[in-house]
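Some notes on the structure that comes next.
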Amino acid sequence: MPKRDDIQKILVIGSGAIVIGQGCEFDYSGAQGLKALREEGYETVLINSNPATIMTDPESADRTYIEPLTPEYLEKVIAAERPQAVLPTLGGQTALNLTVAAAERGVFKKHGVEVLGANLETIRKAEDRQLFKAAMQKIGLDLPRSVVVTDATDLKPVARELGFPVIVRASFTLGGTGGGIAYHFDELRHRVHRALEASPVKKVLLEESVIGWKEYELEVMRDRKDNFVVICSIENLDPMGVHTGDSVTVAPAQTLTDRQYQEMRDEAKRIVSEIGVETGGCNIQFAVDPRDGRRVVIEINPRVSRSSALASKATGFPIARIAAKLAVGYALDELPNDITKATLACFEPAIDYIVTKAPRFATEKFGEFPLDTAMKSVGEAMAVGRTFKESLQKALRGLESGKKGLEGREDLDDETLLQRVAGPSSARLYHVATALERGLSVERIAEVSKIDPWFLNELKEIKDFEKTLAASPLDAEILRAAKRLGFSDAQLARCQGKSEAEIRARRVRLGIRPSYKLIDTCAGEFPSSTPYFYSTYENAGDFLPAAAGKKRVVILGSGPNRIGQGIEFDYCCVQASKALRELGWQSVMVNCNPETVSTDYDASDRLYFEPLTFEDVMEIIDVEKPDGVIVQFGGQTPLNLAAQLAKARVPILGTQPAAIDMAEDRRLFGAALKKLKILSPESGIARTAAQALKIARRIGYPVMVRPSYVLGGRMMEIVYDDAALLDYSERARKASLHPSLLVDRFLADAAELDVDAVCDGKDVWIAGVMEHIEEAGVHSGDSACSLPSHSLPPSVLAVVREHTRRLALHLKVRGLINIQYAVKDGAVYVLEANPRASRTVPFVSKATGLPVARIATWVMMGKTLKKLVPPAALKGAEPPYTATKEAVMPFIKFPGVDPRLGPEMKSTGEVMGLDADFPRSFAKSQEAAGLSLPTSGSVFVSVRDEDKPVLLHVARALRQMGFTLVATRNTADFLERYGLPTGRVAKIGEGKPDVVDLLRQRGLSLVINTPSGKRARTDGYSIRRTALELDIPCITNIRSVNAAVHAIAVLQGATMSVKPLQEHYKSLPYPTQAGPARS
Amino acid sequence: MNDKAWLALEDGTVFAGRACGAAGEAAGESVFNTAMTGYQEILTDPSYCGQLVAMTYPQIGNYGITARDHESGRPRLSGFIVRELCKTPSNYECVESVGDFLKKHGIVAIEDIDTRALTLKLRDQGALRGVISTLEGDHRRLAAKARAASSMAGRNLAKVVTCEKIYAWENDISSQPDLHVAVMDFGVKRGILRCLAAMGAKVTVVPASTKAADILRLKPDGVLLSNGPGDPEPVAEAIETIKNLLPERLPLFGICLGHQLLGLALGGKTYKLKFGHHGANHPVKDLETGKIEITSQNHGFCVDLNSLPKEVKTTHVNLNDGTSEGMAHSQLPVFSVQYHPEASPGPHDSRYLFERFRAKMLEGKEAMSR
């Protein structure tokens, strides 16, 4: 069957902001899908609220709507574009849920739009636990026993039937939100309540526990002719009970016999056919009882997923691309295998290596925490090796979480250790390693952890070899054996009490270097022409020479996503690769994050799926012998390697490491500012607590404190007095961070600005000036911001521009620089400067229509800004519309965490609102972030004293717009004193109903609560947390309240409209064609 | 270390590794198999007689050896080559480790060599003769031994692996059989016998040298021509038997070597493939239904379909290299496939062929009774 010609225009739905449970894998799948559809000549329309994506680049789709992912906005886009079909299976759970919601409103029927990939019945059968159960029973498959409940009143008989522990799952949620495990009755009742609140359809599934069973996943594809293939099987190291996104997973499955595996495959085939996955990819999870092999189906996702992205990277088979082609009518045997080019897509990849994925947890933000069925990791690293041992150790060092491989933690007594081994947590693997180091038997560890002995024996081999290492000289034989077990130079250095450089020198001298083998989908059976490599220590590599006569540049990626370093940096790396290729240079990508576009074999000329450590990167550089290396796009990860690389005489493209140092070193940077006569907050560096006190007293409280050399504002705090400062320095010491503390004057109530600029050594192009909505003191990654600035006068902005120009030139920047400013009482202060790509580069690119990262790359390649950037833009012309960025927070995933903003970054992703003016774009950004601003109802207000003047103004406005005000006694008295009638509610503990009761009764539509500066667990915490859990908008910052009030006024007055990027750009005062082609 | 082992190829290449099976020396034709599971079935598949089998999947033996997955009474291959053999297998069905199993049966094996490098060599140069030795590491002497190993072409290996006398296949499938199938054993896999029993047949296995008259005396409803090792041409007796069975209008179903022997009996030719098909992921298209099945394959020789009379039609095609994978006679109830519908190891997509065989036998029975 060829492709369908009855459709011409297809709407693709993206997945919105990056959140825990839904990461940048959907940019990878969406970008691939769009490309595949356009290749076939279809006109493509995209809706996605996330600007930090390759898919929302104006060149990725014909019409790009950066609009909120709600049924209302989806319908507006459909009404404007009139596509014949919509493809929802590439945008994760968000896209599927949106499709179901829109279908229920009759949107598709009304506009005559066909749903491709998975029809609505299929989505319902897969997502609704009751329908799923019935479907599985119909085809005779075994499932865990289960019961669906819609309220929490009569749980006793259910609990009796299923026995404890009971698994709680909320229907239609992503990443298992709202789910959990109940070990006793009270917990069950509590969890059911929470799950009911989380489930949009108010259905909760209670299930027989299969905790401790083995967990497997199959990534499968099916076409319209009922052809079925398994792309990849995955086995989890962590047994059932941990969300698969939080498990260490291995591909292919390791411990199933062929018969056991084929039976699972047979079941998968029956499942997709029964559920009706007609065209595309699908993920199926199974649990297997290790005692007798009983196999049950856990769940199915009728769409591409995080696991399918992993499977694509693990096998080389581009699932999303093929899924898009199947959706428009192709059959598997009509599509080529892009990797081999010689065979067809209709086959099952055979691999001759082992792939290990390890989750990256935000332990530096939220500590070590237990794991359950709700996903908590923020990113992942994948590694490829010829044995599990090698790939695991590579994956662990790829995580950049401080471990250089499978290293234990030595700080626990035996009893605690055994407990930590038994219960899944964000650090369990390291506890298991410690247990093995201490000689605990595999049997004992398997008994308490339920981790399959096969995995434990593999781990034991690593640990046993470590003992050999400590006791023997590092001769060629031992060294080679160590490398084959995946030991890093850094690990060997630690075992041998030597430096990493010494180990490397010896290794090089003995000629023990990695060989690079191909990921080719077929285990070497057919020649492959795609240079997709991994390293291993074997006799020979696969020789696939680079094109001769072309300049070659290595781009270092950003590794696993983490808070503070996410998709934005991958976006920049992909843009850099495009820029290089456009000028006929060869791009060589190095990264270990399987979710990304950068690790698509298509995104660069040559791809190395490798950890971003000095050792791994240097080996690639020795093989590739590039003309340059780009370190400024991958965030802190490659930047941390810059000095070492420069020392090894590796040519760094763009800003030189010495210049990077000048910006990063406080003293040098301070001197530079002084010389340029640019203000910065008074500050000092303290090595001891006493020194910190002295500095703080000199500067005056409040002060901003942070450890040197941290990412994403880790442990950055505003401190108001001596006691708090002493407490802080004690905590910093315990967290064993860098010993020196930076103490800055905190500019209270200042406006903050973020500026992204590109410098070619002669000219400076101010790509974007963004004004934060929140005042200084909220981490820039967590604050909303607008482009252009929404409140500052031109005179201030002119100073900011001039400062940026002078600083960039002085720091000898070649490429990107990001500078943060605070503006207080008309004075402009520089907070910090980073000569690298910032988190806001993609946002600025989307807002201005100019490819900032690509332009920066061309500058690094020696082109001049005058030739690259339209003159008006170079002179500072800004868009006539406003773009507002809003951060998306992960608080709901971390019970007990206070959902308030501060100097330490906690957001996982962002959205963008784009409209004619600031209030409209702000309204859209809130809607896109899932914070639906109400247009009527009651508002609870409670603010710190400093905010009271503004509150008065805001409260008056809200009254005028028809809202009812509610407050506790003091605030209510205050408001009434100024003639604003205010309803009263009891403080927590001072009678019933109190504020929390009122929230629970849904008596409030908006909460305004600005926390006081001092750290105290007050009523405020309970209010914020309750509002969060009930999904009631809660604004914790007075400037945001102000913006929200303006936005509400707009929402009350007018209906919002939609417009694609391509139309917005027509109103720009400059052409959006940029780059060498311009001249 | 005293557990060293070497693999030498006829072109002089030597891989040094570690012994992981029996001590000694074994020569044969080296081939690679890309299946990621099912090493036990491969080890015990008589079709590998005379071969050194390299697994491309690097970690072998993870689930050990089970009691239920043997394809014959003992391993028939000459030697086994892996990147890493698991010493501590884990699976609830596991009865012993692969290393112990190999030692018990005297199979020489080598691990810790670059099996991908070996695979690429075999892919580019074609199947090469080789020798695995745990006894000596002298490269020149080993290479000479590799060159002295016998080639697959021209050897009647079916004679080596076939059963000695006729026997009834005992199985644990309880349903009452309504058909009787005679299986010509050229090295039959138990997976085939299990599939026949599961579709409702009483199964009688006969040696490769059995004459047509002796088979007919068993009054079977159909004859299955089994898989087996090596080159079909030297298996002359069997070709003769098949020729004699053809006019009887008895349903015949050929698998792998059985398919090639049927091709020769029908007057066609066979030829040797460069490095053969050995794996569990080969896409095959059924030309009748247009559907794709993912198949299990293990053959170094192939039937040249153009050499066959025009009554013989191609029914299945390999999508990777376009080679013919199945044929059927338009007048006789005779068909065959080059691949393994019984799988073991591999996907079960092609088991419908046993139902096709069953339908042909029922048709034949009906015609007889009319």
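Residue numbers (my numbering), protein chains in the order written: chain A, 20 to 1098; chain B, 4 to 373. Using N, Cα and C, we set each Cβ at its ideal position, and we do this for glycine too.
At 8 Å on the CB atoms, spell out the chain A contacts of residue i, in chain order.
i: B:Lys288; result: Asp352
i: B:Gln341; result: The premise fails here: B:Gln341 is roughly 17 Å from chain A at the closest Cβ pair, so nothing lies under 8 Å.
i: B:Gly41; result: Thr276, Asp277
By the criterion of Cβ-Cβ separation under 9 Å, what are the contact partners of residue i in chain B?
i: A:Arg310; result: Tyr95
i: A:Ala559; result: Asp117, Arg119, Ala120, Leu123
Which residues in chain A sit within 9 Å of residue i, going by Cβ to Cβ distance?
i: B:Thr317; result: Going along chain A, no residue has its Cβ under 9 Å from B:Thr317, so there is no contact; the nearest lies around 16 Å.
Express the C-alpha separation of residue j and residue i in angstroms, rounding to a whole number.
i: A:Leu174; j: B:Pro92; result: 42 Å
i: A:Arg988; j: A:Val261; result: 46 Å
i: A:Thr455; j: A:Thr196; result: A small correction: the amino acid at residue 455 of chain A is Leu; Thr does not occupy that position in the sequence shown. Their backbone Cα atoms lie some 34 Å apart in a straight line.
i: A:Ile714; j: A:Gly703; result: 6 Å
i: B:Phe278; j: A:Ser926; result: 55 Å
i: A:Glu643; j: A:Lys536; result: 14 Å
i: A:Glu62; j: A:Ser554; result: 40 Å
i: A:Ala80; j: A:Val239; result: 27 Å
i: B:Lys148; j: B:Gly31; result: 10 Å
i: B:Arg359; j: B:Glu366; result: 11 Å
i: B:Lys222; j: B:Ala185; result: 9 Å
i: A:Lys517; j: A:Lys423; result: 15 Å
i: B:Gly231; j: A:Ile358; result: 34 Å
i: A:Val31; j: B:Thr318; result: 40 Å
Since I believe residue j is in contact with residue i (beta carbons under 8 Å), could you give me their beta-carbon distance rounded to a whole number of angstroms?
i: A:Leu493; j: A:Arg525; result: 6 Å
i: A:Ala705; j: A:Leu745; result: That pair is no contact at about 12 Å.
i: A:Ile649; j: A:Val572; result: 6 Å
i: B:Ile245; j: B:Leu228; result: 7 Å
i: A:Ala846; j: A:Leu952; result: In fact, because the Cβ distance is near 33 Å, the residues do not count as touching under 8 Å.
i: B:Ile116; j: B:Leu10; result: 6 Å
i: A:Ile697; j: A:Leu826; result: 7 Å
i: B:Thr59; j: B:Phe35; result: 5 Å
i: A:Leu115; j: A:Ile85; result: That pair is no contact at about 20 Å.
Which residues of chain B have a Cβ atom closer than 7 Å to the Cβ of residue i, listed in chain order?
i: A:Asn476; result: Thr91
Anything in chain A within Cβ reach of residue i, meaning under 7 Å, just list it in chain order.
i: B:Glu44; result: Asp277
i: B:Gln128; result: Here the premise fails: no neighbours, minimum Cβ distance about 13 Å.
What do you reckon, is the C-beta of residue i under 7 Å from a heavy atom of the ligand ATP?
i: B:Gly64; result: Because no ligand of any kind appears in the structure shown, any question about the ligand ATP cannot be addressed here.
Residues within the region 360 to 389 of chain A neighbouring chain B, beta-carbon criterion of under 9 Å: So the close ones are Ala361, Thr362, Leu363, Cys365, Phe366, Glu367, Pro368, Ala369, Ile370, Asp371, Tyr372, Ile373.
The region 930 to 942 of chain A / the region 799 to 814 of chain A touching (three or more Cβ pairs under 8 Å): Contact annotation: the region 930 to 942 of chain A touches the region 799 to 814 of chain A, with at least three C-beta pairs closer than 8 Å.
Touch test, the region 630 to 644 of chain A against the region 587 to 599 of chain A, Cβ-Cβ under 8 Å, three pairs minimum: As far as the Cβ criterion goes, the region 630 to 644 of chain A does not touch the region 587 to 599 of chain A, which means the pair count is below three.
Validate contact between the region 35 to 53 of chain B and the region 134 to 142 of chain B using beta carbons, cut 8 Å, 3 pairs: Contact between the region 35 to 53 of chain B and the region 134 to 142 of chain B is absent: fewer than 3 CB-CB pairs across the two stretches fall below 8 Å.
Stretch-stretch touch, CB-based, cutoff 8 Å, three pairs: the region 336 to 351 of chain A with the region 314 to 321 of chain A: Here the region 336 to 351 of chain A does not lie against the region 314 to 321 of chain A, with fewer than 3 beta-carbon pairs under 8 Å apart.
Stretch pair the region 53 to 60 of chain B + the region 191 to 199 of chain B: three plus CB contacts closer than 8 Å: At 8 Å Cβ cutoff, the stretches do not touch.
Positions along the region 398 to 419 of chain A whose CB lies within less than 7 Å of some CB in chain B: Residues of the region 398 to 419 of chain A with a C-beta atom less than 7 Å from some C-beta of chain B are Arg405, Thr406, Phe407, listed in chain order.
Chain-ordered residues of the region 288 to 302 of chain B with a beta carbon less than 8 Å from chain A: The residues in question are Lys288, Gly293, Lys294, Ile295, Ile297.
The region 269 to 278 of chain B contacting the region 354 to 373 of chain B, beta-carbon criterion three pairs below 8 Å: The count of Cβ pairs closer than 8 Å, one atom from the region 269 to 278 of chain B and one from the region 354 to 373 of chain B, stays below three, leaving the stretches out of contact.
The region 529 to 548 of chain A: positions lying closer than 8 Å to chain B by Cβ: For the region 529 to 548 of chain A, the residues whose beta carbon sits under 8 Å from a beta carbon of chain B are, in order, Lys536, Cys541, Ala542, Gly543, Glu544, Phe545, Pro546.
Residues, ordered as in the chain, of the region 46 to 66 of chain B that lie near chain A by beta-carbon distance below 7 Å: So the list reads Thr59, Tyr60, Pro61, Gln62, Asn65, Tyr66, given in the order they occur along the chain.
Meets three-Cβ-pair contact criterion under 8 Å: the region 461 to 471 of chain A and the region 399 to 408 of chain A: The region 461 to 471 of chain A vs the region 399 to 408 of chain A: no contact.
Members of the region 456 to 480 of chain A near chain B, C-beta cut-off 7 Å: Correct list: Asp471, Pro472, Trp473, Asn476.
Residues within the region 320 to 350 of chain B neighbouring chain A, beta-carbon criterion of under 9 Å: Of all residues in the region 320 to 350 of chain B, Leu322, Asn323, Asp324, Ala346, Ser347, Pro348, Gly349, Pro350 have a Cβ within less than 9 Å of some Cβ in chain A.
At least three beta-carbon pairs within less than 8 Å, the region 772 to 789 of chain A to the region 1072 to 1080 of chain A: These segments do not touch.
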